[in-house]
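Residue numbers (the working numbering), protein chains in the order written: chain A, 693 to 999; chain B, 45 to 232.
Where is the CB? At the ideal position from N, CA and C, for every residue including glycine.
Predicted, not measured: the structure shown is a model, and the values here were computed from it.
Contents: one structure, followed by commentary.
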């Protein structure tokens, strides 16, 4: 079996079988990350470009390391220092990349749908590194990989996604991915940070953290983007923390040994208490390692075989 | 595609005898089990390596370490395959540096699988030496590679296929020569 798509634009387009294939391929990739020589020649001669219109350290670095560990060459285009500053359109940038013989492009853009536009323009595989408030599929896949590794599977699991659901592409990808794999997904946050009709995505909606966290197996804490606070979507960071911060007391409401995830970077004391972030139940650092493994798997599945 | 069976060149007894002889040869050549490790190449090299481990233990009373190698990521023909291979985990729970490694596979054909395995092993450490054990050497080498231990040399045509079937995977121990339809050519 192989992926039925040239690109990875979002988890909405993937079947449960395809996601399973990605997660199964990521497991042997993680073994490579534990070696002294973290390098295999599988993608030798391939060119992987990261094209980031928004700042990011971990996603871009994670993709670059994944490509390098697989033997590919990488080029990183940061928009601040590129022709994009001179007004070059996304389509023209894409055509330039295609003319350079690029095999895969990883794009992050503030506009939802940009990866889809790029995918239609060029033959190379396009991987969505986060687009607007739409999807962040590789983050969701690494969350799922971490859940599967720690808890064995998804069927019947209760997963709470806690925080700013409205602006979160991580939340959307996680919802699509986890519900397709058979998990029960709960979203919880202030009403002002909840997308309208979110329950149509097949999730249970909560506005009270204590109710939502009861008996869950996984809590995925989202980052509060402090700049949003200026828009008046919640009264103050202090009040947000009082109502929604994942504290040791709130964590006790979940199942014993429940897994705590966070896509990072964290605002300690706002959405997550330091004692929880550094606690035994948090798999936050492991998520970073798993992110490299998942991205290695995707590069193998998308550009590692026959065309 | 169902292939016609041309000949059954080994049954369970012959396979067992060949493996027993190889186990003795490994011990004789390496003067015992000191520093010796076995590494099976997925897929059928793994049960063969496990059997050799057991035979060596019966003869010498020592259980030599056993590892499993998946060579998919080292193949040089990924872009020419119609079906993308599924990757499995490499499981070598010991350091191979300074060890005498016996690599085990079922069939030696073009030598490309062994080349990939050598690359993979060298990325994992620096063995003292690497030896190769196979059940069938069918010729048609495309690389300068030879086996140190061979169950049976079987001169074949490229229009034929060797199928090593093992109890653990196929439910039966036997080696068959099967004939591909006319015009067909075998790729490893």
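- Query: Who are the near neighbours of residue 71 (chain B) in its chain, counting only those whose CB is closer than 8 angstroms to its CB and skipping five residues on each side?
  - Reply: 77, 100, 103 and 104
- Task: Report the rounded CA-to-CA distance for residue 889 (chain A) versus residue 857 (chain A), giving the unit in angstroms.
- Result: 12 angstroms
- Taking Cβ positions, are residue 641 (chain A) and residue 847 (chain A) nearer each other than 7 angstroms? Shown here, chain A extends from 693 to 999; a query on residue 641 (chain A) therefore has no answer.
- Message: Looking at residue 122 (chain B): is its Cβ nearer than 7 angstroms to the Cβ of residue 822 (chain A)?
- Response: no
- Query: By Cβ distance below 8 angstroms, which residues in the same chain neighbour residue 961 (chain A) in space, the five residues on each side in sequence not counted?
  - Reply: Taken in chain order, the residues that qualify are 933 and 937.
- Item | Simplified DSSP state of residue 157 (chain B), which is helix, strand or coil | In the displayed model, residue 157 (chain B) falls within a helix according to three-state DSSP.
- Chain-ordered residues of the stretch 103–135 of chain B with a beta carbon less than 9 angstroms from chain A: 114, 116, 117, 118, 119, 120, 122, 123, 124, 125, 126, 127, 128, 129, 130, 131, 132, 133, 134 and 135
- Could you give the distance in angstroms between the alpha-carbon of residue 786 (chain A) and the alpha-carbon of residue 756 (chain A)? 19 angstroms
- Query: Given that a residue counts as buried once 16 or more other Cβ atoms are within 10 Å of its Cβ, and exposed if not, what is residue 108 (chain B)?
  - Reply: buried
- Among A:872, A:883, A:826 and A:817, nearest to residue 802 (chain A) - alpha-carbon criterion: Of A:872, A:883, A:826 and A:817, the residue nearest in Cα terms is A:826.
- Task: Report yes or no: is there a C-beta of chain B within less than 7 angstroms of the C-beta of residue 723 (chain A)?
- Result: yes
- Message: With DSSP as the reference, identify every bridge partner of residue 912 (chain A), one or two as the case may be.
- Response: Residue pairing by DSSP puts residue 912 (chain A) in a beta bridge opposite A:853 and A:953.
- Could you give the DSSP three-state label for residue 235 (chain B): helix, strand or coil? Examination of residue 235 (chain B) is not possible in this model, given that chain B is present from 45 through 232 alone.
- Item | Residue environment, residue 127 (chain B), which counts as buried when at least 16 other CB atoms sit within 10 Å | exposed
- Item | Host alpha helix (DSSP H) of residue 750 (chain A) (start-end) | In the DSSP annotation of this structure, the continuous segment of the alpha helix (DSSP H) that includes residue 750 (chain A) starts and ends at 750–761.
- Message: Taking 7 angstroms as the threshold (C-beta atoms), are residue 916 (chain A) and residue 959 (chain A) in contact?
- Response: Cβ atoms of residue 959 (chain A) and residue 916 (chain A): closer than 7 angstroms.
- To the nearest whole angstrom, what separates the beta carbons of residue 233 (chain B) and residue 206 (chain B), a pair I think is in contact under 8 angstroms? An answer regarding residue 233 (chain B) cannot be provided, because it is not within the stretch 45 to 232 covered by chain B.
- Item | Contact check, residue 150 (chain B) vs residue 132 (chain B), beta carbons under 7 angstroms | Going by beta carbons, residue 150 (chain B) and residue 132 (chain B) fall outside the 7 angstroms limit.
- Alpha-carbon to alpha-carbon, residue 875 (chain A) and residue 908 (chain A): Those two C-alpha atoms are separated by around 11 angstroms.
- Message: Is there a C-beta anywhere in chain A that falls below 7 angstroms from the one on residue 55 (chain B)?
- Response: False, the Cβ-Cβ gap to chain A never drops below 7 angstroms.
- Message: For residue 148 (chain B) and residue 196 (chain B), what's the separation of their Cα atoms in angstroms?
- Response: Their Cα atoms are separated by approximately 14 angstroms.
- Message: Which residue wins for smallest C-alpha separation from residue 982 (chain A), given the options A:969, A:733, A:829 and A:838?
- Response: A:838
- I think residue 761 (chain A) touches residue 800 (chain A), with their Cβ atoms under 8 angstroms apart; what is that distance to the nearest whole Å? Not quite, the Cβ-Cβ distance comes to about 20 angstroms (not below 8 angstroms), so this is no contact.
- Three or more C-beta pairs below 8 angstroms linking the stretch 157–170 of chain B and the stretch 725–734 of chain A: yes
- Message: Just to confirm the assignment, what range does the alpha helix (DSSP H) spanning residue 710 (chain A) have?
- Response: 708–725
- Task: Tell me, please, whether the CB atom of residue 729 (chain A) is closer than 7 angstroms to any CB atom in chain B?
- Result: Residue 729 (chain A) counts as touching chain B.
- Query: Within 7 angstroms (strictly less), CB to CB, does residue 752 (chain A) reach chain B?
  - Reply: no
- Query: Which partner residues of residue 222 (chain B) appear in the DSSP bridge assignment?
  - Reply: Answer by DSSP bridge pairing, in chain order: B:49 and B:205.
- Spatial neighbours of residue 677 (chain A) in its chain, beta-carbon cut-off 7 angstroms, leaving aside the 5 residues before and after: This structure does not reach residue 677 (chain A), given that chain A is present from 693 up to 999, and the question cannot be answered.
- Closer than 8 angstroms, Cβ to Cβ, to anything on chain B: give me those residues from the stretch 931–965 of chain A, in chain order. none
- Query: Can you tell me where the beta strand (DSSP E) with residue 818 (chain A) in it begins and where it stops?
  - Reply: 817–823
- Message: With distance defined between alpha-carbon atoms, name the residue in A:713, A:872 and A:911 nearest to residue 994 (chain A).
- Response: Residue 994 (chain A) has its Cα closest to that of A:713, out of A:713, A:872 and A:911.
- Are residue 895 (chain A) and residue 880 (chain A) closer than 7 angstroms when you measure CB to CB? no
- Report all residues from its chain with a CB closer than 6 angstroms to the CB of residue 212 (chain B); omit the five preceding and five following residues, and keep chain order. 91
- Message: Among the candidates B:176, B:216 and B:56, whose CA atom is the shortest distance from the CA of residue 82 (chain B)?
- Response: Proximity to residue 82 (chain B) across B:176, B:216 and B:56 peaks at B:176, based on C-alpha coordinates.
- What residues from the stretch 185–212 of chain B come within 7 angstroms of chain A, judged by C-beta to C-beta, listed N to C? none
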